[in-house]
Amino acid sequence: MVIEILNKNGLKTGRKIIFNENLLEKNINLITKNHIIYLEIKRFLAAQRQGSHKTKGRSQIKGSNKKIQNQKGSGNARKGDIKNPLFVGGGRIFGPVKRKYNLKLNKKIKKIARKILFSEKLRNKKIKLIEDFILKYISTKKIIKILIKIKSFKKKILIITNKIDKNLYFSCRNLKNVKIINIINGINSYDIAKAYYMIIKENSVTDLENMLTKK
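Be aware that the sequence shown starts at 1, since it is given in the UniProt record's numbering, and climbs by one per residue.
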């Protein structure tokens with residue numbers, strides 16, 4: 001798969017990059033592909049849950065253990081102590097407790113899911129390569145101009161770099177539709193699936209290929 005490299009003005013530089021054929025996942029049928037992506041995104045979203053929800057049960061409420069009324073003879077329903085869940089301020093019946101939502105998934109499946117999504121972006125021409133550029137200072141306006149010139153503005157964008165660039169990060173931070181990912185920190189399937197365009201800086205291509213083809 002051949003993709004032309006653009007400059008920050010959206011013009012073709014005349015240089016091209018040929019992506020490794022190993023990046024394309026060809027041997028899996030559509031139903032299996034969809035299921036693998038579903039499992040990986042489900043795992044990722046579940047892992048983002050904090051799981052700190054908690055209510056107090058009857059045994060955790062502070063209060064007297066004294067029985068409120070006699071068991072028989074009052075004509076009312078029998079009642080225990082003031083911590084009874086039927087009373088205001090009583091314990092919660094079967095309330096939520098702290099738990100982890102993490103789901104186990106084989107590393108191989110995670111890698112295949114990422115590879116499938118990247119392959120689809122390549123086939124649908126949703127990947128744009130841009131030559132390396134350096135921002136001397138923080139400027140959201142400059143980033144917007146670049147995105148407009150490469151015809152990517154107003155779409156969900158995932159920018160991939162291979163090094164930490166604070167000026168680029170802070171310039172994009174106020175743009176809701178733009179997310180920057182450093183290959184060093186890893187790329188997840190959810191971000192690839194969510195993005196309409198992937199913008200890859202030229203010097204990041206080799207690192208990206210190595211990450212996707214690594215066994």
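Cβ coordinates follow ideal geometry from the N, Cα and C atoms, glycine included. Computed from a predicted structure; not experimentally measured.
Problem set entry | Expected contact under 8 Å - CB spacing of Ile-3 and Lys-16 to nearest Å | Counting from one through the sequence shown, the residue named residue 3 turns up at place 3. Counting from one through the sequence shown, the residue named residue 16 turns up at place 16. Yes, Ile-3 and Lys-16 are in contact; Cβ-Cβ is about 7 Å, under 8 Å.
Exercise. Leaving out five residues before and five after Lys-149 in sequence, what residues of the same chain have Cβ atoms less than 6 Å from its Cβ?
Worked result: Counting from 1 along the sequence shown, the entry for residue 149 is found at position 149. Asn-9, Gly-10.
For this session: In the DSSP assignment, find the unbroken alpha helix (DSSP H) run with Lys-194 in it and report its ends.
Result: Working through the sequence shown from its first residue, we reach residue 194 at position 194. Taken as a continuous stretch (DSSP letters only), the alpha helix (DSSP H) holding Lys-194 covers 189-194.
For this session: Spatial neighbours of Tyr-169 within its chain, please: CB distance less than 7 Å, with the 5 preceding and 5 following residues excluded, ordered by chain position.
Result: Working through the sequence shown from its first residue, we reach residue 169 at position 169. Result list for Tyr-169: Ile-180, in chain order.
Exercise. Between Thr-140 and the rest of its own chain, which residues show a CB-CB distance below 7 Å, the 5 nearest in sequence each way excluded?
Worked result: As a working mapping, residue 140 is identified with position 140 in the sequence shown. Within the same chain, Thr-140 has close Cβ partners Ser-171, Asn-174, Leu-175.
Exercise. Just how far apart, CA to CA, sit Asn-167 and Ile-143?
Worked result: Numbered from 1 along the sequence shown, position 167 holds the residue referred to as residue 167. Numbered from 1 along the sequence shown, position 143 holds the residue referred to as residue 143. Whole-angstrom Cα-Cα distance: 10 Å.
For this session: Quick one: which unbroken alpha helix (DSSP H) runs of 4-plus residues sit fully inside the segment 88-152? Chain order, please.
Result: 107-123, 140-149
For this session: Identify, in the order they occur along the chain, each residue of the same chain with its Cβ nearer than 6 Å to the Cβ of Leu-24, setting aside the five sequence neighbours on each side.
Result: Residue mapping note: residue 24 aligns to position 24 of the sequence shown, counting from 1. Closer than 6 Å at Cβ, skipping near neighbours: Ser-119.
Problem set entry | Terminal residues of the beta strand (DSSP E) in which Leu-158 lies | Translated into the one-based positions of the sequence shown, residue 158 becomes position 158. First-last of the beta strand (DSSP E) with Leu-158: 157-161.
For this session: Verify the CB distance criterion: does Asn-34 have a CB-CB separation below 8 Å to chain B?
Result: Any reference to chain B falls outside this structure, which holds one protein chain only.
Problem set entry | For Glu-4, the three-state DSSP class (helix, strand or coil) | Position 4 of the sequence shown holds residue 4. In this structure, Glu-4 counts as strand in the three-state DSSP scheme.
Problem set entry | Endpoints, alpha helix (DSSP H) assigned at Arg-173 | Locating residue 173 in the sequence shown gives position 173, counting from the first residue. Arg-173 -> no alpha helix (DSSP H), and no H or E assigned at all.
Problem set entry | Contact under 8 Å by Cβ, Asn-124 with Lys-156 | Residue mapping note: residue 124 aligns to position 124 of the sequence shown, counting from 1. Residue mapping note: residue 156 aligns to position 156 of the sequence shown, counting from 1. It is not a contact, given that the beta carbons lie outside the stated cut-off.
Problem set entry | At least 3 beta-carbon pairs within less than 8 Å: the segment 157-165 vs the segment 78-95 | no
Exercise. How should Leu-30 be labelled, buried or exposed, when 16 other C-beta atoms within 10 angstroms of its C-beta is the threshold for buried?
Worked result: As a first step, residue 30 must be located in the sequence shown, where it is residue number 30. Per the 10 Å Cβ criterion, exposed.
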